[in-house]
Amino acid sequence: MNLTLVEWNVQDFFIHLAYPVSVEVIASLTGEHWSLLAKADQPLKPLNKIREIAAVIRELDADIVFLCEVGGFESLKNFSSLFLDDD
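What the sequence shown shows, in numbering that gives the first Met the number 0, is residues 0 to 86, in sequence order.
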């Protein structure tokens, strides 16, 4: 049995949203509109970078993924639910 581990420094990975949004809304947003969803005190990671990170994670299909420099549980939860289809 093989176990696949991935460790990735995603540097300044903040997804602190000022407004609730759905997966469907995220799919139709431009990067400019995405940045308008940020809380006043913290800019969001650029949308294109978040989408690329999600695509690589899906492609690797690792058993365990360790992400470094994530902006807290809120960012991780938003990333998981909005970009990785994980409820």
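All C-beta atoms, glycine included, are put in the ideal place defined by N, C-alpha and C.
Item                                                                                                                                              : Value
Do the CB positions of ALA37 and LEU43 come within less than 9 Å of each other?                                                                   : yes
Between SER103 and the rest of its own chain, which residues show a CB-CB distance below 7 Å, the 5 nearest in sequence each way excluded?        : Given that the chain is displayed from residue 0 to residue 86, the structure contains no residue 103 and the question cannot be resolved.
If we count Cβ pairs, one from each stretch, closer than 8 Å, do we get three or more for the segment 4 to 20 versus the segment 63 to 75?        : yes
Roughly how many angstroms lie between the CA atoms of ASP94 and ILE63, to the nearest whole one?                                                 : No answer is possible for residue 94: the residues shown for the chain start at 0 and end at 86.
Assuming ALA61 and THR3 are in contact, meaning their beta carbons sit under 8 Å apart, how far apart are those beta carbons, in whole angstroms? : 4 Å
Between the beta-carbon of HIS15 and the beta-carbon of ASN77, is there less than 9 Å?                                                            : yes
Taking the beta strand (DSSP E) that LEU108 falls in, what are its first and last residues?                                                       : Residue 108 falls outside the range modelled here, since the chain spans only 0 to 86, and no answer is possible.
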